[in-house]
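One structure is given below, encoded as structure tokens.
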Amino acid sequence: MYEFKYHRPATVRQAANLLVKNEDAKVIAGGHTLVPVMKQRLASPPHLIDLSHIEGLDAIEMKGRSLVIGATAKHADVATSPIVGEAIPALAELAGGIGDPAVRHKGTLGGSLANNDPTADYPAAVLALGATIVTNKRRLKAEEFFQGLFTTALENDEIITKVMFPLPKKAAYIKFRNQASRYALVGVFVAKRPSDVRVAVTGAGSDGVFRATAFEEALKKRFSHKVLDGVSASAEGLNSDLHGSAEYRAHLIGVLTRRAVEAATAK
Amino acid sequence: MAKISLIVNGNPVNANVDPRTLLVQFLRENLRLTGTHVGCDTSQCGACVVHLDGKAVKSCTTLAVMADGHEVRTIEGLAADGAPLHPMQEAFREHHGLQCGFCTPGMIMTAVDLVNRKGHDLPDHVIREELEGNLCRCTGYQNIVTSIAAGAKAMAKSA
Ligand SMILES: Cc1cc2nc3c(=O)[nH]c(=O)nc-3n(C[C@H](O)[C@H](O)[C@H](O)COP(=O)(O)OP(=O)(O)OC[C@H]3O[C@@H](n4cnc5c(N)ncnc54)[C@H](O)[C@@H]3O)c2cc1C
Ligand code: FES
Ligand code: FES
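Next comes the structure, spelled out in structure tokens:
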């Protein structure tokens with residue numbers, strides 16, 4: 001790891017000022033992506049700004065018809081929060097399936113979204129539920145936020161402060177794990193929302209998380225796995241690597257979408 | 001350099017560290033608490049698991065500066081020198097939950113955290129799922145699972 005200077009701001013405003021003042025500075029939350037990357041010397045920020053001590057930034061609460069989760073809420077907090085369990089149980093289950101218990105004690109929602117790993121779990125939930133990402137500067141819709149592999153709409157001095165999830169009528173997430181890394185080989189989040197149905201796929205797309213519109217169209221007519229007979233995903237634009245071919249991933253999208261719809265309707 | 005103050009195994013510790021020092025390095029090299037091991041150094045194996053404010057974390061993936069103001073417990077902190085072993089340690093000894101012992105400190109710290117979160121009556125499948133982040137290259141896990149189930153029960157009695 002290369003040398004850096006460590007800062008521990010008490011507020012988001014202080015953190016944002018530090019980002020503006022120090023060129024190439026980076027924020028750190030759980031550090032469970034950034035520390036490994038710095039150890040490999042793939043990142044070498046000269047300044048690290050620790051968000052993990054900003055009070056209230058990890059709050060979880062209901063605001064009207066939305067579940068609002070603070071950026072530094074840890075995966076374990078989301079997994080065990082009675083508020084999340086009541087409002088969007090699929091989200092609690094998703095968080096409880098990230099990595100392993102020790103990873104869940106450190107990794108955060110904001111860090112996962114800012115990183116936008118193409119195999120991460122949270123991006124699927126954020127896109128399928130139509131969540132809004134709130135930063136120190138503005139509000140971003142999920143579809144504007146994710147911009148491809150490890151790329152988001154965030155500017156250099158922008159910090160995610162919270163995410164607002166509108167409550168779905170039904171939802172479920174099914175993940176087919178990569179046995180070695182525990183990330184998603186393919187993960188599908190299905191949400192029946194008051195106005196539409198969304199199916200978001202992670203792990204498969206060579207451009208990161210995306211919506212499987214063919215499945216959405218079929219499910220809009222009737223929210224049942226039965227309407228999915230004959231609907232399939234194309235392998236075009238999907239990842240092919242030593243863990244699975246694009247065709248295999250396309251197949252999994254179909255299987256997992258059916259399972260997710262079954263799980264959502266059983267709830 | 002950065003000044004840090006934390007509690008390690010119940011004792012206050014003050015130090016001046018390079019911010020890039022990992023918590024595991026700080027524990028092993030500065031404090032000479034070498035019970036915490038580095039297996040992979042890539043966040044996978046769990047040999048480095050310690051408790052940070054009572055929760056299991058991978059100390060190879062945590063900066064020492066981020067633990068400033070917090071409480072750390074390592075395998076050395078489970079039972080005092082010369083005192084009887086912690087019930088989870090005793091269960092690993094009794095049920096042959098280790099061979100070379102390299103993964104054992106991480107296994108035991110993970111197991112104690114698991115009992116703290118999920119109680120004393122732990123079905124095998126729960127123990128196996130919870131060990132997702134801990135690798136053992138020797139035992140085949142069978143005896144580790146047996147040890148944890150027994151240790152969990154023993155912790156109920158000693159509590
Ligand atoms: C062994 C292991 C297994 C894992 N398995 C999974 C898995 O199955 N599924 C999964 O989804 N993830 C998995 N992860 C990743 C884990 O969830 C990470 O913790 C998470 O992706 C990043 O969160 P963090 O808080 O640790 O971020 P950090 O490492 O602190 O930061 C990551 C990036 O986000 C930026 N950032 C952090 N917070 C903010 C913010 N509020 N605003 C703007 N930018 C910010 C940082 O500058 C950095 O670039 C795994 C990690 C490990 C080590
Ligand atoms: S040494 Fe930390 S997880 Fe392997
Ligand atoms: S006992 Fe040897 S690695 Fe587990």
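Which chain is which? The protein sequence lines are W and R, in order.
Going left to right, the first sequence walks through residues 1 to 267 as my numbering numbers them.
Going left to right, the second sequence walks through residues 1 to 159 as my numbering numbers them.
Here a beta-carbon is modelled for each residue, glycine too, at the ideal position from N, C-alpha and C.
Give the straight-line distance between the Cα atoms of residue i and residue j, rounded to the nearest whole angstrom.
{"i": "I83/W", "j": "I60/W", "result": "7 angstroms"}
{"i": "N134/R", "j": "S195/W", "result": "44 angstroms"}
{"i": "K137/W", "j": "T161/W", "result": "10 angstroms"}
{"i": "Y2/W", "j": "S81/W", "result": "37 angstroms"}
{"i": "G56/W", "j": "V78/W", "result": "15 angstroms"}
{"i": "A113/W", "j": "G97/W", "result": "Reading the sequence as shown, one finds Leu at residue 113/W and not Ala. About 16 angstroms."}
{"i": "A71/W", "j": "S245/W", "result": "34 angstroms"}
{"i": "R73/R", "j": "G99/W", "result": "22 angstroms"}
{"i": "Q14/W", "j": "L48/W", "result": "13 angstroms"}
{"i": "T110/R", "j": "R137/R", "result": "17 angstroms"}
{"i": "I174/W", "j": "A263/W", "result": "9 angstroms"}
{"i": "A64/R", "j": "L27/R", "result": "9 angstroms"}
{"i": "S43/R", "j": "L94/W", "result": "20 angstroms"}
{"i": "H32/W", "j": "T62/R", "result": "8 angstroms"}
{"i": "V24/R", "j": "K106/W", "result": "15 angstroms"}
{"i": "L129/W", "j": "Y6/W", "result": "36 angstroms"}
{"i": "L127/W", "j": "R20/R", "result": "35 angstroms"}
{"i": "V172/W", "j": "A25/W", "result": "Here the sequence assigns Ala to residue 172/W, which means Val is not the residue at that position. If you take the alpha carbons of A172/W and A25/W, they lie about 37 angstroms apart."}
{"i": "D113/R", "j": "N143/R", "result": "19 angstroms"}
{"i": "I54/W", "j": "A10/W", "result": "5 angstroms"}
{"i": "S147/R", "j": "P87/R", "result": "10 angstroms"}
{"i": "H70/R", "j": "D53/R", "result": "6 angstroms"}
Quick one: give me the first and last residue of the beta strand (DSSP E) that residue i is part of.
{"i": "A2/R", "result": "A2 to V8"}
{"i": "T135/W", "result": "T132 to T135"}
{"i": "I88/W", "result": "Where I88/W is concerned, there is no enclosing beta strand (DSSP E), given that its DSSP letter is neither H nor E."}
{"i": "Y6/W", "result": "K5 to H7"}
{"i": "Y173/W", "result": "K170 to R177"}
{"i": "E71/R", "result": "E71 to R73"}
Any beta carbon from chain W within less than 9 angstroms of residue i's own beta carbon?
{"i": "R128/R", "result": "no"}
{"i": "E132/R", "result": "yes"}
{"i": "V65/R", "result": "yes"}
{"i": "P19/R", "result": "yes"}
{"i": "T139/R", "result": "no"}
{"i": "S43/R", "result": "yes"}
{"i": "L122/R", "result": "no"}
{"i": "R28/R", "result": "no"}
{"i": "A152/R", "result": "no"}
{"i": "V112/R", "result": "no"}
{"i": "D68/R", "result": "yes"}
{"i": "A79/R", "result": "no"}
{"i": "R117/R", "result": "yes"}
For the alpha helix (DSSP H) containing residue i, name the first residue and the last one.
{"i": "Y248/W", "result": "A246 to A266"}
{"i": "N16/R", "result": "No alpha helix (DSSP H) holds N16/R; the beta strand (DSSP E) holding it covers N11 to V17."}
{"i": "E129/R", "result": "D124 to E130"}
{"i": "E217/W", "result": "T213 to K221"}
{"i": "R104/W", "result": "P101 to R104"}
{"i": "F145/W", "result": "A142 to F145"}
{"i": "R117/R", "result": "T104 to K118"}
{"i": "K80/W", "result": "Just to set this straight, residue 80/W is Thr in the shown sequence, not Lys. Counting along the chain, the alpha helix (DSSP H) containing T80/W begins and ends at H75 to T80."}
{"i": "F92/R", "result": "P87 to E94"}
Rounded to whole angstroms, how far is the Cβ of residue i from the Cβ of residue j, which I believe are closer than 8 angstroms?
{"i": "V199/W", "j": "V188/W", "result": "6 angstroms"}
{"i": "T265/W", "j": "K170/W", "result": "7 angstroms"}
Would a check of beta-carbon distances place residue i closer than 9 angstroms to chain R?
{"i": "D117/W", "result": "no"}
{"i": "G110/W", "result": "no"}
{"i": "Y183/W", "result": "no"}
{"i": "P36/W", "result": "yes"}
{"i": "H32/W", "result": "yes"}
Q: Could you please go through the chain and list the residues whose beta-carbon is closer than 5 angstroms to any non-hydrogen atom of ligand 1?
A: K26/W, V27/W, I28/W, A29/W, G30/W, G31/W, H32/W, T33/W, L34/W, A71/W, I98/W, G99/W, V103/W, G107/W, T108/W, G110/W, G111/W, S112/W, A114/W, N115/W, A120/W, D121/W, I159/W, I160/W, R182/W, Y183/W and S43/R
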